[in-house]
Amino acid sequence: MIRSHVVDIAGVFAGAAIRKPTHFEFVAVHPRLSGIDRSEWPSLSDLRRAASYVMTTGRLPERCGLPSEEQAH
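For the sequence shown, the working numbering begins at 62 and goes up steadily by one.
And the structure:
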């Protein structure tokens, strides 16, 4: 069964955090968060902090999620 968590920023539905075996994947629904859509985070709190940062500043965080397998090789 897939576990997911609602991510809202200041009362605005931003997306969902999908629990994976080792991390959380963010699925953005708010257009301002398209830059971090499908990004992976080590914890739910890291994911929420990054989404909040993007919503309030309009900029991507310096470290955006976990490195993907493509970037690691």
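Don't be surprised by glycine CBs; every beta carbon is placed ideally from N, CA and C. This one's a predicted model, so the numbers in the text were calculated from it and none came from an experiment.
Return helix, strand or coil for ALA111, following the three-state DSSP convention.
In this structure, ALA111 counts as helix in the three-state DSSP scheme.
With H, G and I counted as helix, E and B as strand and the rest as coil, what does DSSP make of ILE63?
Three-state result, ILE63: coil.
With GLU86 as the anchor, note down where its beta strand (DSSP E) starts and where it stops.
It spans 85-89 - the beta strand (DSSP E) in which GLU86 sits, taken as one unbroken run.
Rounded to the nearest angstrom, how far is the Cβ of ARG93 from that of GLY119, given a contact under 8 angstroms?
With a Cβ gap of about 7 angstroms, ARG93 and GLY119 count as contacting.
So, PHE85 versus SER104, is the Cβ gap smaller than 9 angstroms?
Yes, Cβ-Cβ distance for PHE85 and SER104 is below 9 angstroms.
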